[in-house]
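Residue 309 in the numbering used here sits at position 61 of the sequence shown, and the numbers go up by one each step.
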Amino acid sequence: MKKSIILIALMLIQFNCMSQTYTIPWATKQPAWVFPIWVEDATGAKDTLYLGFDSTAINSANPEPQFGEIEFNTPLGFYASTTDGILPNQYYKVHIFDTDDVIQQNLWGNIQLRKANFPVVLRWDPSTFYSDSLPFADQDPLPRGQCVLDWSSGGQAAPIGCNISMGMLVLMTDTGYTNVNPTYCIMTDTMQFNYTFPGPASSYFLLGFYPWLGSTFNPNNIDENVPKEFVNIFPVPTKDILKFKSNAIMNNIEFTDLNGRSILKRNNIYLFDCELELSGLNKGMYYAKITLENNKIVYKKIIFR
């Protein structure tokens, strides 16, 4: 009996630790999903930025103070920001995405470094990519999301430890790829940037959030319980176009309602990636039945608005 209780407790601890939940200290309403970025320059000066998502956010282009999107006065020394303030000498530390951003696949945020002494270290928590609050489809036991960092347009600051050239992206994830795009450099939870001169200097980066698109691969080589075939669909929910990405060739895709009735079929696809026009569907919930080249069938739930 004691062993059973201990086992259950350990399982609960493992489940709860899978995804850490963060809050924005000065927000009066916490977003559903918060992704903090911890920044530290060479002098030890530190700052924290917050990106996030909430379905009740109205317009990510306009600040919503309840989520912590308020202006701060610029300090004399190093600081990081998501964007400059409306008034001179002010800036923002929070950017919250809304549902329209998800539908339009426009989950891109800024990290601006001001008066920084290089090298600068960026840290994040990869467990946040497993959160049920991320607006992406559940891919358990894989993460729901990933983040890419575009450093090419922000000046001369370049990632240390990545053998990549200007214009290439850094992939932020704790789950490896077997089909890594050669333009990616993978960093798990920390990356360091250097500059052509120590500073103080300014630079900025772009962060883009997407559904996790990698092949199934566990860096610890413990992959017995991970399905070998993988299909991702996005955006979810959708109102017209639905995109499919798989690590196996997709032969056919069939949409059914919740009662199992066939609504729409697309046969003879024979592609790893495809997109389908669904504007003729009625609003509601459906299942996508994807038949792969090895006759394996994968089911995905979709919501059509």
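Cβ atoms here follow ideal geometry from the backbone N, Cα and C, with glycine treated the same way.
(message) Give the list of continuous beta strand (DSSP E) stretches no shorter than 3 residues that lie fully inside the region 318-392.
(response) As far as the region 318-392 is concerned, its whole beta strand (DSSP E) runs of at least 3 residues are 319-321, 327-329, 338-340, 342-345, 356-364 and 368-371.
(request) Compare the Cα-Cα distances from Tyr452 to each of Lys487, Asn365, Arg392 and Asp398 and report the closest residue. (result) Among Lys487, Asn365, Arg392 and Asp398, the Cα nearest to that of Tyr452 is on Asp398.
(request) Can you tell me which of the three DSSP states Asp471 falls into? (result) Low confidence applies here, because Asp471 scores a pLDDT of 34, under 50, leaving its location unreliable and the question unanswered by this model.
(request) Helix, strand or coil for Pro273, going by three-state DSSP, please let me know. (result) Reduced to three states, the DSSP call for Pro273 is coil.
(message) Measuring only the C-alpha atoms, how far is Leu382 from Phe301?
(response) Rounded to the nearest angstrom, the two C-alpha atoms are 7 Å apart.
(request) Quick one: measure Cβ to Cβ for Tyr458 and Gly393, integer angstroms, because I've assumed they're closer than 8 Å. (result) About 7 Å; that satisfies the 8 Å criterion.
(request) Can you tell me which of Ala385, Asn307, Ala364 and Leu524 puts its alpha carbon nearest to the alpha carbon of Ala293? (result) By alpha-carbon distance to Ala293, the top candidate from Ala385, Asn307, Ala364 and Leu524 is Ala364.
(message) Could you compute how far the alpha carbon of Met498 sits from the alpha carbon of Pro374?
(response) The straight-line gap separating the alpha-carbon atoms of Met498 and Pro374 is approximately 30 Å.
(request) Can you tell me the Cβ-Cβ gap for Pro367 and Ile408, rounded? I've got them flagged as a contact below 8 Å. (result) By a beta-carbon distance limit of 8 Å, Pro367 contacts Ile408. Their separation comes to about 7 Å.
(message) Considering Cα atoms alone, identify which of Thr330, Ala280, Asp295 and Cys433 is closest to Leu454.
(response) With distances taken between Cα atoms, Leu454 lies closest to Thr330.
(message) At the level of alpha carbons, what is the spacing between Thr304 and Pro485?
(response) Going by the C-alpha atoms only, they are around 15 Å apart.
(message) So, with DSSP's three-state summary, where would you put Gly415?
(response) At Gly415, the pLDDT of 48 sits below 50, so the modelled position is not reliable; the number obtained from the coordinates is stated separately. Three-state DSSP puts Gly415 in coil, outside helix and strand.
(request) Put Gln268 into one of helix, strand or coil per three-state DSSP. (result) Collapsing the DSSP output to three states places Gln268 in coil.
(request) Let me know if Gln352 comes out buried or exposed under the rule of 16 or more other beta-carbons within 10 Å of its beta-carbon. (result) Exposed is the call here.
(message) What does the Cβ neighbour count give for Asp349, buried or exposed, with the cut at 16 atoms within 10 Å?
(response) Counting C-beta atoms within 10 angstroms of its own C-beta, Asp349 has 16 or more neighbours from the protein chains shown and is therefore classed as buried.
(request) Note down the Cα distance separating Ala309 from Phe520, rounded to an integer number of angstroms. (result) Straight-line measurement puts the Cα of Phe520 at about 34 Å from the Cα of Ala309.
(request) Please classify Lys544: does DSSP put it in a helix, a strand, or coil? (result) Correct three-state label for Lys544: coil.
(message) Buried or exposed for Asp346, going by 16 or more other Cβ atoms inside 10 Å?
(response) Flag for Asp346 reads buried.
(message) Rounded to whole angstroms, what is the Cα-Cα separation between Thr271 and Phe377?
(response) Here the C-alpha atom of Thr271 lies approximately 15 Å from the C-alpha atom of Phe377.
(request) Give the range of the beta strand (DSSP E) segment to which Lys513 is assigned. (result) The continuous beta strand (DSSP E) containing Lys513 extends over residues Ser510 to Arg514.
(message) Just to confirm my understanding: we take Asp386, look at its own chain, exclude 5 residues before and 5 after, and list those with CB closer than 7 Å. What are they?
(response) The residues Arg392, in chain order, have a CB closer than 7 Å to that of Asp386 in the same chain once the five nearest residues on each side in sequence are set aside.
(request) Might you give, ordered along the chain, the residues of its own chain that have their beta carbon closer than 8 Å to the beta carbon of Trp274, omitting 5 neighbours on each side? (result) Only Gly316 and Ile318 meet the Cβ criterion.
(message) Let me make sure I understand the geometry here. Which of Leu361, Glu312 and Thr444 has the alpha-carbon closest to that of His343?
(response) Taking only the C-alpha atoms, the option nearest His343 is Glu312.
(message) Let me make sure I understand the geometry here. Which of Gly357, Leu512, Asn442 and Leu324 has the alpha-carbon closest to that of Glu525?
(response) That would be Leu512, whose Cα lies nearest to the Cα of Glu525.
(message) In the DSSP output, which residue or residues are listed as bridge partners for Ala536?
(response) Looking at the DSSP output, Ala536 sits in a beta bridge with Phe503 and Lys548.
(request) Could you tell me which of Val287, Thr291, Ile285 and Tyr298 sits nearest to Pro279, measuring between CA atoms? (result) Cα-wise, what sits closest to Pro279 is Tyr298.
(request) Might you give, ordered along the chain, the residues of its own chain that have their beta carbon closer than 6 Å to the beta carbon of Glu523, omitting 5 neighbours on each side? (result) If we look at Glu523 and ignore the five residues flanking it on each side, its Cβ neighbours are Ile489 and Lys491.
(request) Spatial neighbours of Asn468 within its chain, please: CB distance less than 6 Å, with the 5 preceding and 5 following residues excluded, ordered by chain position. (result) Because Asn468 sits at a pLDDT of 35, beneath the cut-off of 50, its placement in the model cannot be relied upon, and the following sentence gives the value as read from the coordinates. Counting only Cβ-Cβ distances below 6 Å, and skipping sequence neighbours, we find nothing.
(request) Tell me whether the beta-carbon of Ile550 lies closer than 7 Å to the beta-carbon of Tyr534. (result) For Ile550 and Tyr534, yes; Cβs fall inside 7 Å.
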